[in-house]
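Residue numbers (this note's numbering): 936 to 1598.
Comments concern the structure below.
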């Protein structure tokens, strides 16, 4: 399952100019969020299609005052707000590819101009509801930020129908509105949380006609009777009118007073979501004790402030003014704002959404829309379940919607893969679309014709390592080269370092320290970085490197784990250990290791249970009939930091020549 990032960026073209948008994940749906619907008077609720983790807010790079509010639930959907212009973006539903439409938002909500320009109406609106101001309490509790406002939204039948009569579409629009509201209230460190959404899809539960004051009182009574058991700090009724005389009603400064914490907001014909989010933000601000701005006295960083009466007719990013900030600080200090200090549980768990092309919890598959899936797909696009009689949707062990026992590569070629001599063939079980757990041969099992041993799934090849360092023709040096260089006890020849001093190599350990190779060329080694030393011994030009590392750093010239070291010995922390202590456990399998398995019969895996991997014809029943005891106390693997080297000779040869060319 894909991990949804908490931050992301997009490059979006606007008027042939590319803009980089930086986004950060925002959560504003509570854990108990539900959508309530009505059908012939019967109420139902659901929340399965809501994805709380795919909402983001951010800015446009190079435009510090810009605001971006986007949903990534299914394509990109939202608004990009610059200083004085806004753009909407949404996916093209009919296309299979990741294509979107970008359009400039209108800023001429003329149907509100009479309200905004009528100072008498504005005065009446802002003063008539500023009547329930409580007495000053004790000094405020300091440092109460951040704040959370849980909002319950009710949508009347007319607005539900105007927005499309589709519960998913209407829900997504109101979540988008809440996202826009949050982009404005971020300035006050307030998160407006959507607690639930109630859609009066069949009929209105109260009358929605009449004046603002009357309708607000009716809604308050209904709220107190029907919403007591549904968590919220404030409840709002959103209604639709073609050309209303008002845009809303609310009690000023009463956000935490249960009997007055409510509002009625009117959605006029042809109003944009951006403009309506400003209306609702103004109403919430009024309930937080914030008054409308006097444009002559109040200023903000944007072209127009949120509490300016004309803000709903202006596109672009908006912020609260200095006057609004002063009002809010006064409200927090002098009014009861305790309800804002309760942090609700916010949803952070991903919910499955069928059709988004992401396989999520509870889904077998997700191929997208009907057009994206096509008729031959293994997946039912309506349920995101496999079609009847089919096994799988995709995966390396899935072919033709059925489980198989061999890999199916992208090229269509069927084959099994094996990475190394110490690695088992990867295989498909025939019961899953994914390959079986990777298994490797147990550490200590002989490999490379007995010259090395398996270690963590690899069979080391010192000759190949020399070739990778010094080119074709290079190979692991003979013993006389190790004796010449390792006996010097300097940075090129040693058996490790302790407390800043090089360790002397015991004779039996000369080939168990650092890798020495034969040098195949007459051209000096000229790779920048390490120091290099050559030794000419019996017409063999030997070479090794020093990387000037700290004592705690891993040395790339250390002998590879799993290489043979001396005669029947291995290197443990650069000293020798009898090879049987390392190899024997690989030959002893089964519970308690009560029987010994010969190499011709099979080998053990590195799984924790020491699973037996037997050759064909030798199953568990055969093993059970054999007894015997290995008599080996296997050392803990962490105590066997094995660094091994192949030794071809034990003879001692005289020193001929040495040359140091430290680069």
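Note that the Cβ used here is the ideal one computed from N, Cα and C, for glycine as well.
Treat the numbers as computed from the prediction; the structure is a model and nothing was measured.
Coarse secondary structure for residue i, derived from DSSP in three states
{"i": "residue 1480", "result": "strand"}
{"i": "residue 1004", "result": "strand"}
{"i": "residue 947", "result": "strand"}
{"i": "residue 1039", "result": "strand"}
{"i": "residue 1400", "result": "helix"}
{"i": "residue 1425", "result": "coil"}
{"i": "residue 1071", "result": "Reliability fails at residue 1071, whose pLDDT of 30 lies under 50, so the model's placement of it is uncertain and the value that follows must be treated cautiously. If DSSP states are grouped into helix, strand and coil, residue 1071 belongs with coil."}
{"i": "residue 1269", "result": "helix"}
{"i": "residue 1475", "result": "strand"}
{"i": "residue 1516", "result": "At residue 1516, the pLDDT of 44 sits below 50, so the modelled position is not reliable and the matter cannot be decided from this model."}
{"i": "residue 1097", "result": "helix"}
{"i": "residue 1218", "result": "helix"}
{"i": "residue 1027", "result": "coil"}
{"i": "residue 952", "result": "strand"}
{"i": "residue 1209", "result": "helix"}
{"i": "residue 1184", "result": "strand"}
Endpoints, the alpha helix (DSSP H) within which residue i is located
{"i": "residue 1364", "result": "Premise fails: residue 1364 is in no alpha helix (DSSP H) and is neither H nor E."}
{"i": "residue 1108", "result": "1102–1120"}
{"i": "residue 1161", "result": "1147–1161"}
{"i": "residue 1305", "result": "1305–1308"}
Environment of residue i [buried if 16+ CB atoms lie within 10 Å]
{"i": "residue 1168", "result": "buried"}
{"i": "residue 1144", "result": "exposed"}
{"i": "residue 1189", "result": "buried"}
{"i": "residue 1080", "result": "exposed"}
{"i": "residue 1404", "result": "buried"}
{"i": "residue 1001", "result": "buried"}
{"i": "residue 1107", "result": "buried"}
{"i": "residue 1253", "result": "buried"}
{"i": "residue 1135", "result": "buried"}
{"i": "residue 1220", "result": "buried"}
{"i": "residue 1078", "result": "Note that residue 1078 scores 48 on pLDDT, short of 50, meaning its location in the model is unreliable; the coordinates nonetheless yield the value given after this. By the neighbour-count rule (16 or more Cβ atoms within 10 Å), residue 1078 is not buried but exposed."}
{"i": "residue 1380", "result": "buried"}
{"i": "residue 948", "result": "exposed"}
{"i": "residue 1280", "result": "exposed"}
{"i": "residue 1027", "result": "exposed"}
{"i": "residue 1052", "result": "Confidence at residue 1052 is low in this model, with a pLDDT of 26, below 50, so its placement is unreliable and the value that follows should be read with caution. So residue 1052 counts as exposed."}
{"i": "residue 1177", "result": "exposed"}
{"i": "residue 1132", "result": "buried"}
{"i": "residue 951", "result": "exposed"}
Distance, residue j Cα to residue i Cα
{"i": "residue 1314", "j": "residue 1339", "result": "18 Å"}
{"i": "residue 943", "j": "residue 1407", "result": "47 Å"}
{"i": "residue 1304", "j": "residue 1105", "result": "20 Å"}
{"i": "residue 1155", "j": "residue 1194", "result": "7 Å"}
{"i": "residue 1201", "j": "residue 1317", "result": "36 Å"}
{"i": "residue 1587", "j": "residue 1452", "result": "Caution applies to residue 1587, whose pLDDT of 27 falls short of 50 and renders its modelled position unreliable; the value that the coordinates give is listed next. Approximately 18 Å, taken between the alpha carbons."}
{"i": "residue 1018", "j": "residue 1103", "result": "31 Å"}
{"i": "residue 1370", "j": "residue 1309", "result": "27 Å"}
{"i": "residue 973", "j": "residue 1093", "result": "14 Å"}
{"i": "residue 1409", "j": "residue 1401", "result": "6 Å"}
{"i": "residue 1468", "j": "residue 1296", "result": "60 Å"}
{"i": "residue 990", "j": "residue 1479", "result": "57 Å"}
{"i": "residue 1325", "j": "residue 1367", "result": "12 Å"}
{"i": "residue 1207", "j": "residue 1041", "result": "8 Å"}
{"i": "residue 1244", "j": "residue 976", "result": "40 Å"}
{"i": "residue 1335", "j": "residue 1129", "result": "44 Å"}
{"i": "residue 1272", "j": "residue 1266", "result": "8 Å"}
{"i": "residue 963", "j": "residue 1113", "result": "8 Å"}
{"i": "residue 1249", "j": "residue 1322", "result": "51 Å"}
{"i": "residue 1414", "j": "residue 1499", "result": "13 Å"}
{"i": "residue 1101", "j": "residue 1016", "result": "27 Å"}
{"i": "residue 1025", "j": "residue 1209", "result": "14 Å"}
{"i": "residue 1140", "j": "residue 978", "result": "12 Å"}
{"i": "residue 1256", "j": "residue 999", "result": "17 Å"}
Paired residues, beta bridge with residue i - DSSP
{"i": "residue 974", "result": "977"}
{"i": "residue 957", "result": "944 and 994"}
{"i": "residue 1012", "result": "1006"}
{"i": "residue 1432", "result": "1437"}
{"i": "residue 1316", "result": "DSSP output for residue 1316 lists no bridge partner at all."}
{"i": "residue 1085", "result": "1128"}
{"i": "residue 1240", "result": "1254"}
{"i": "residue 1133", "result": "971 and 1089"}
{"i": "residue 1608", "result": "Absent from the model: residue 1608. The displayed extent of the chain is 936 to 1598, so no value can be given."}
Residue i, enclosing beta strand (DSSP E) - first and last residue
{"i": "residue 1173", "result": "1169–1176"}
{"i": "residue 1197", "result": "1197–1203"}
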